[in-house]
Amino acid sequence: MAQLLTSGAIRTLSRGLGISPTKKWGQNFVVDANTVRRIAAAAKLSADDVVMEVGPGLGSLTLALIEIARKVIAVEIDPKLALALPTTVAHRAPEEHQRLVVVEADAVRLDPAQLPEPPTALVANLPYNVAVPVVLHALEHFPTLRQGLVMVQAEVGDRLTAGPGSKIYGSPSVKMAWYAKAKRAGSVSANVFWPVPNVASALVSFERIQSPDANRVEVFGAVDAAFGQRRKMLRQSLKTWAGDDTDAVLERSGIEPTRRGESLDIAEFIALADAKEALGGTART
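Residue 0 is where the sequence shown starts when you use numbering that gives the first Met the number 0, and the numbers rise one by one after that.
Laid out in structure tokens, this is it:
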């Protein structure tokens, strides 16, 4: 069994590497072993899973994941941390360390060709400032991802899992619904992080679904337009996407032009995209 990192061990490692958590990459390291165990258990991984962990940092969560999964692919943007992680894992998990592969890369721009094999699960303590782009990029570019559990800012977790009609329902909510069923999976105390953040954190779990038979680019274009001016009625907000065809698109889709984006579910955004496609012959992607 791996020897998990304690608060003292994390600070010792940091001093030895001459590093400290940086705002540049949104680093807040988990320093509580019980929280790490809880996250690893909540991820519901199997011994066959290939886990993509984004932002492993000093390896707190990595050590717990490597006990369960067949392989952990740790994607780290910080070159110092990427270099140090294999040594830390080899020292603290000598029987499992060969399951780890470290990829130095920006997860927001990660290409499947950069990984040694396709991942089946995403588990990560995500930097707050890039959490939504990382999750959506992973779901778009790694179709083998079946499930995931991410720790994010509580507000971001609410946005990813919100339903129509809510004030926090927006573009991330709809785009997440395109790829997966997501739900809140718990809260995380700020006291388990170093440095302690000034915001609350939450766990969000998701399971991939079969994406709709629709033009994703057009659907997401409608979503971005509707929420780009969310206080305006659709007859106005959709003009940046449908232009002079806005009224015709709304009529063909059967959606009232006086509604606002926050009232539409994923099926209605698909109806808008299908209507635009039928009127203009947009190619599917």
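No residue lacks a Cβ here, since even glycine has one placed at the ideal position from N, Cα and C.
Proximal residues to residue i (C-beta, below 7 Å), its chain only, five neighbours per side dropped
i: V88; result: G58, T61, L62, I65, H96, L99
i: G164; result: E261, S262
i: P171; result: V131, R158, L159
i: E267; result: I254
i: V71; result: V50, E52, T61, L64, I65, R98, L99
i: A184; result: A41, L148, L202, V203, S204
i: Y168; result: A161, G162, E261
Local conformation of residue i per DSSP, three classes
i: N33; result: helix
i: V155; result: helix
i: M175; result: helix
i: V50; result: strand
i: G185; result: strand
i: L148; result: strand
i: T284; result: In this prediction, T284 has a pLDDT of 42, which is less than 50 and means its spatial position is unreliable; what the coordinates show is noted afterwards. Note: T284 maps to coil in three-state DSSP.
i: L44; result: coil
When the options are compared against residue i, the one with the closest alpha-carbon
i: Q26; options: S188, I18, A32; result: I18
i: L3; options: G15, N33, R14, R10; result: N33
i: T143; options: I208, S186, K182, Y168; result: I208
i: A277; options: A247, R37, A179, D264; result: A247
i: H140; options: N128, L121, N190, P126; result: L121
i: R145; options: I254, D244, D47, F268; result: D47
i: G306; options: K275, L148, D243; result: The first residue shown for the chain is 0 and the last is 284, placing residue 306 beyond what the model contains.
i: R69; options: N128, V50, I76, P78; result: V50
i: R108; options: H90, D157, A130; result: A130
i: A1; options: L16, G7, I67; result: I67
i: V222; options: R14, D264, A81; result: D264
i: A241; options: F226, E255, L271; result: L271
i: A213; options: D273, D110, A81, G15; result: D273
i: P111; options: A137, D244, A123, Y127; result: A137
i: S188; options: A8, Q235, I9, V29; result: V29
i: V195; options: D31, K182, R234; result: D31
i: L125; options: R10, V173, I76, Y168; result: I76
i: A179; options: P115, L44, S210, V155; result: S210
i: A81; options: A104, H90, N128; result: A104
i: P78; options: P93, I9, P55; result: P55
i: I9; options: A224, K43, R91, P117; result: R91
Other residues of its chain near residue i: CB distance less than 6 Å, five sequence neighbours each side excluded
i: T257; result: M232
i: A106; result: V53, V74, V133
i: A199; result: A153
i: A282; result: Note that A282 scores a pLDDT of 42, beneath 50, so its modelled location is shaky and nothing firm can be said.
i: P115; result: V100
First through last residue of the alpha helix (DSSP H) which encompasses residue i
i: D273; result: 265–279
i: V134; result: 130–140
i: A8; result: 6–16
8 Å CB neighbourhood of residue i in its chain, flanking five on each side removed
i: L12; result: L4, L57, A83, T87
i: G280; result: Reliability fails at G280, whose pLDDT of 49 lies under 50, so the model's placement of it is uncertain and the value that follows must be treated cautiously. Within the same chain, G280 has no close Cβ partners at all.
i: F192; result: N27, F28, V29, V30, S200
i: P85; result: H96, L99, V101
i: R229; result: G169, S236, R259, G260, E261
i: K174; result: L135, F219, V222
i: S6; result: V30, D31, W193
Exercise. Could you name each continuous beta strand (DSSP E) segment of 3 residues or more that falls completely within the region 199–256, going from the start of the chain to the end?
Key: 200–207
Quiz prompt | Contained beta strand (DSSP E) runs [length at least 3] in the region 64–124, N- to C-terminal order | solution = 70–75, 99–103, 120–124
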